[in-house]
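Written below as structure tokens is the structure these notes are about.
Residue numbers (my numbering): 175 to 801.
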């Protein structure tokens, strides 16, 4: 019996080894190996997380004044495989002149190798079986060895490439701005088939395993379902009209269990979009919102299409939402809202978590309609479109219709962000009696904030582990030390979180808009990436909009908490560099930035708080000298 058990264990281990060697994508299904995690683009990792996290590293955190700082397209997120993450870069002005794919060790944050491409890499790469797949803007498609960064194959495509490649089975799929869509063999990048779709393809495509379909969006507002075997068009759906202009900042998401694909469409970025936001606050209930969309179809920008024929399954009760406000015009017209995340609840149920607007969130009189205040998160029953309210702790992160970023999930943990922070909340009760009203939502528990900047007035900014067990997180330059400004949205009180910078290391980008390439998309962060590495470690990667990546490890022992400093501790205004003493280094800091607007100066605190660097700032240094 003992020998039989031993042979059985050895046989199982051998079978697992065979799967790991020949079918690594099956075994390591929890790896975030391509854009939005998987071929269906669900943005969901089924791995549930521990609530105890530890800071691991920050990469590319030198700021825009660092000559080695790298810049990325807004569409780029880190993807993982073979113990590394991979991220593509692009040129930006005089600071960086390289377009390259960088491999970074998941655990240490150290660069392993760098591959130079012939033009900018504007999208998220993909990993499979020891190779990294990506294309440069000019249409060169690359296959690179994940271990050493050596070129394995390349192929020139007809047209520029902006959207992330799609890995499904033995093939990699990609489209170009010339309207050509390709199916390439993963082994040698030979062309299996091509299909000309007549308009630019900028968004990543998605795969339905159930129907063996590739879902492709084109910038003439068409959605195609292509047979994955030969590229034949199974169906085509046009979603144009009502100033809908494209999909460049979105992507399709497939729910195979429900046999549908979720589509988000962008609205023309003009005063037309502005009028939609200001004149149409959402209804209070699902039915009211649906009726609102029937009466005003111009508000409909999210579609649920049947995979069988492309028909609309129902009207999703999701009213138009823009991601960012254009402060030059006062209009909410810069970007579409983030795409939904599809989570598998069981073998026969998938639900979508999405950014949602309902008047129950902010029930002020109708004549005081403010579309920024009717926003929250919801859980959509994909089979019928009913949406339930999800609790959001707005004491940790503010939700507004104009500043919401991409979503992702791991197990019961929901990740969402705005322009300066990522929030993590755990869903704790989604029973049938929850969520039908805003006052009785699906309940959550706030876990962590991952923020760009922490106030220097708090002792936590001195911590090398970038962790704060009880602190105030700031969104400068609006916040003063101590986070006493009304604009400080990330006051944690008794909460916990991780931070990238202390206040004097703030790296916000403040170049005039016309100097920033549209590909950089500085107004948005990337989707949080949650990856289960080969050795079982669960890593969370948050790419802030300046290109900095913060890595934390989930499921580890709780970070140690320092002894609180006396409440009387504060930092003198003359201590410009917050070193703990006022000396010649503070004089140097002011001399280097004299005459500049502090909003565009890195590593500088304006002690006079008059938005300019001048003699009055020297006065504070003289006053506090030697203290």
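Glycine included, C-beta positions come from ideal geometry on N, C-alpha and C.
Any idea if residue 767 is buried or exposed, counting beta-carbon neighbours within 10 angstroms, 16 or more meaning buried? buried
Compute the Euclidean distance between the alpha carbons of residue 275 and residue 704, then round it to the nearest angstrom. 20 Å
List, from N- to C-terminal side, the beta strand (DSSP E) runs of 3 residues or more that fit wholly inside the region 252-333. 253-255, 258-262, 274-279, 285-290, 300-302, 305-309, 314-319, 325-330
If you compare alpha carbons, which of 241, 415, 429 is closest to residue 121? The requested residue 121 is not part of the displayed model; the chain covers only 175 to 801.
For residue 341 and residue 300, believed in contact at Cβ under 8 Å, the rounded distance: 5 Å
For residue 489, which residues of its own chain have a beta-carbon under 6 Å away from its beta-carbon, when the five flanking residues on both sides are left out? 464, 467
Counting along the chain, where does the beta strand (DSSP E) carrying residue 228 start and finish? Under the DSSP assignment, residue 228 falls in the beta strand (DSSP E) whose first and last residues are 227-233.
Going along the chain, which unbroken runs of the alpha helix (DSSP H) with 4 or more residues stay wholly within the region 329-414? none
Kindly indicate if chain D contains any beta-carbon less than 8 Å away from that of residue 473. Included in the structure is just one protein chain, with no chain D present.
Residue 475 versus residue 423 - alpha carbon distance: 13 Å
With a CB to CB cut of under 7 Å and the five nearest residues on each side skipped, what residues in its chain are close to residue 206? 219, 253, 254, 703, 704, 705
Can you have a look at residue 553 and say buried or exposed, based on whether 16 or more other CB atoms are within 10 angstroms of its CB? buried
At a cut of 8 Å, does the region 306-324 reach the region 365-379 through at least three beta carbon pairs? no
Can you tell me whether residue 609 is buried or exposed? The criterion is at least 16 other CB atoms within 10 Å of its CB, across all chains shown. buried
Euclidean distance between Cα positions of residue 599 and residue 585: 11 Å
Tell me the start and end of each unbroken beta strand (DSSP E) in the region 453-530 that is at least 3 residues and wholly inside, in chain order. Counting only runs of 3 or more, we get 476-480, 486-488, 515-520.
Let me check understanding here. Comparing Cα to Cα, which of 349, 555, 549 lies closest to residue 456? For the options 349, 555, 549, the alpha carbon positioned closest to that of residue 456 is the one of 549.
Does the distance from the CB of residue 232 to the CB of residue 262 come in under 8 Å? Contact annotation: residue 232 and residue 262 have beta-carbon atoms that are not nearer than 8 Å.
Using DSSP with H/G/I as helix, E/B as strand and the rest coil, what is residue 204? Three-state result, residue 204: coil.
Opening and closing residue of the beta strand (DSSP E) in which residue 603 lies: 595-603
If you draw a straight line from the alpha carbon of residue 559 to that of residue 211, how long is it in whole angstroms? 24 Å
Taking the CB atoms as reference points, tell me whether residue 588 and residue 527 lie closer together than 8 Å. Yes.
Name the two residues that bound the continuous beta strand (DSSP E) containing residue 436. 434-438 is the extent of the beta strand (DSSP E) around residue 436.
Could you round the C-beta distance between residue 308 and residue 339 to whole angstroms and report it? I think they count as a contact, below 8 Å. The beta-carbon distance between residue 308 and residue 339, rounded to whole angstroms, is 7 Å. This is short enough to meet the 8 Å contact definition.
Residues that residue 756 bridges to, as DSSP identifies them: Its beta-bridge partners do not exist; DSSP assigns none.
What is the residue span of the beta strand (DSSP E) that residue 724 lies within? That run of the beta strand (DSSP E) goes 723-728.
Contact check, residue 250 vs residue 298 under 8 Å by CB: the rounded distance? 6 Å
Output the boundary residues of the beta strand (DSSP E) element that contains residue 795. No beta strand (DSSP E) holds residue 795; the alpha helix (DSSP H) holding it covers 789-798.
Mark residue 407 as exposed unless 16 or more other C-beta atoms lie within 10 angstroms of its C-beta, in which case mark it buried. exposed
Span of the beta strand (DSSP E) around residue 588: 587-591
Assumed close pair residue 578, residue 618 - CB separation to whole angstroms, cut-off 8 Å: With a Cβ gap of about 16 Å, residue 578 and residue 618 do not count as contacting.
How about residue 141 and residue 524: do their beta carbons lie closer than 8 Å? There is no way to answer for residue 141, as the model of the chain reaches only from 175 to 801.
Assuming residue 351 contacts residue 384 (C-beta within less than 8 Å), just tell me the rounded distance between them. That pair is no contact at about 30 Å.
If you drop the 5 nearest sequence neighbours on each side, which residues of the same chain put their C-beta closer than 7 Å to that of residue 204? 219, 220, 221, 706
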